[in-house]
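Novice: Sharing a structure, written as structure tokens. Questions coming.
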Amino acid sequence: MLQFVDVSDDATVVRSGSPSVVYEIRDNLGAFESDDIEVEARVVGGGALDTTVSGESDTFEVEVSCSDDKSELSGSYTIELEFTASNSDFTITATRTTGLVDIDCYDFGSSNNYRDSGDVGTAAQPANPKGALESPGSVNDGDGDTFATAVAAQRSKSDKKGGRVGYALPSVEPGGTYELNISYKNSNGSWNVYLKNKTGDEWTQKFSINGGGPDVQSKTVDFNNTDDVKISNNADNLYLIFETTSNGNGVSVDIFSFELSRTGTKAN
């Protein structure tokens with residue numbers, strides 16, 4: 001009566017606010033309406049996704065979209081779907097899985113994905129933050145006019161001044177060489193960036209992101225062999241730290257985007 005057809009090979013990337021069709025339901029007898037069909041979806045080995053069923057009486061499309069509590073999902077995943085179609089005459093249940101679907105639900109503005117000296121961001125690093133991240137969710141949002149701003153603390157005592165804020169990063173594939181791309185502007189106060197793991201006991205070299213004035217600057221950081229090994233060993237456990245030791249009150253940097261990516265396979 002019902003055919004469940006995997007169309008995930010043609011699925012677009014699932015993003016926040018941008019669902020993607022992963023399955024079709026074909027009703028050969030025209031017995032069901034879209035309101036008769038419920039679908040639950042979850043990433044295999046992970047959490048739930050939101051679903052929508054739409055279409056005419058003979059073919060229905062099943063879309064999946066990011067759930068509000070899945071702000072850390074970023075990568076290619078298999079999705080498990082549980083179907084229930086029910087009317088006054090029939091109840092049909094089925095479980096199916098998709099092929100690999102690209103999902104990017106990562107929300108840098110989610111409280112568990114950033115950290116500053118306020119009481120909202122709860123990322124593990126930096127463990128000893130200073131200063132603030134203003135509009136933390138405005139990085140990597142695809143809008144060239146929006147940005148987050150890292151602002152150093154303003155304190156009378158020199159040991160309380162400076163800035164140290166950060167973001168949890170999406171997982172990267174281990175066993176490779178890596179680079180970090182950052183776009184920023186209006187950097188004043190000698191800001192540096194570097195990576196830490198969750199416990200803070202492994203970190204990379206520090207790299208300067210200075211100057212630029214009101215023009216957006218793009219910087220590519222190529223890591224050395226030692227740092228590549230650290231990144232590979234902590235591929236799902238990395239935090240990007242923005243730090244300045246400047247004693248200037250309120251020094252800041254506007255951050256448009258950043259991405260840590262694997263650029264090649266490590267030669268042993």
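Start counting the sequence shown at 1; every next residue gets the next number (full-length UniProt numbering). Even glycine gets a Cβ: it sits at the ideal position worked out from N, Cα and C.
#1: Are residue 27 and residue 6 close, meaning C-beta to C-beta below 7 Å?
#2: Does DSSP put residue 229 in a helix, in a strand, or in coil?
#3: Looking at the strands, I want to know which residues DSSP matches up with residue 236.
#4: With the cut-off set at 7 Å, would you say residue 52 and residue 63 are in Cβ contact?
#5: Would residue 195 pass as a contact of residue 165 if the rule is Cβ separation under 7 Å?
#6: If you compare alpha carbons, which of 33, 233 and 131 is closest to residue 56?
#7: May I ask you to report which of helix, strand or coil DSSP gives residue 181?
#8: Should residue 220 and residue 179 be called a contact, given that it needs their Cβ atoms to be closer than 7 Å?
#9: Residue 231 to residue 238, Cα distance in whole Å?
#10: If we count the other Cβ atoms within 10 Å of its Cβ and call it buried at 16 or more, is residue 119 buried or exposed?
#11: Within the chosen definition, does the segment 168-186 reach the segment 253-267 through at least 3 CB pairs nearer than 8 Å?
#12: Classify residue 170 as buried or exposed, calling it buried when 16 or more other Cβ atoms lie within 10 Å of its own Cβ.
#13: Helix or strand or just coil, what does DSSP make of residue 267?
#14: Please name the residue or residues paired with residue 125 in a DSSP beta bridge.
#15: Just verifying my parser: in three-state terms, what is the DSSP assignment at residue 57?
#16: Terminal residues of the continuous beta strand (DSSP E) containing residue 100?
#17: Is residue 122 closer than 7 Å to residue 254 when the C-beta atoms are compared?
Specialist: This is what the structure gives:
#1: no
#2: helix
#3: Its beta-bridge partners do not exist; DSSP assigns none.
#4: Residue 63 is positioned such that its CB atom lies closer than 7 Å to that of residue 52.
#5: In this structure, residue 165 does not lie closer than 7 Å to residue 195 by Cβ.
#6: Taking only the C-alpha atoms, the option nearest residue 56 is 33.
#7: strand
#8: yes
#9: 8 Å
#10: exposed
#11: yes
#12: buried
#13: Because residue 267 carries a pLDDT of 44, less than 50, the predicted location of this residue cannot be relied on, and the following value inherits that uncertainty. In this structure, residue 267 counts as coil in the three-state DSSP scheme.
#14: The partner list for residue 125 (beta bridge, DSSP) is empty, contrary to what the question assumes.
#15: coil
#16: 91-104
#17: no
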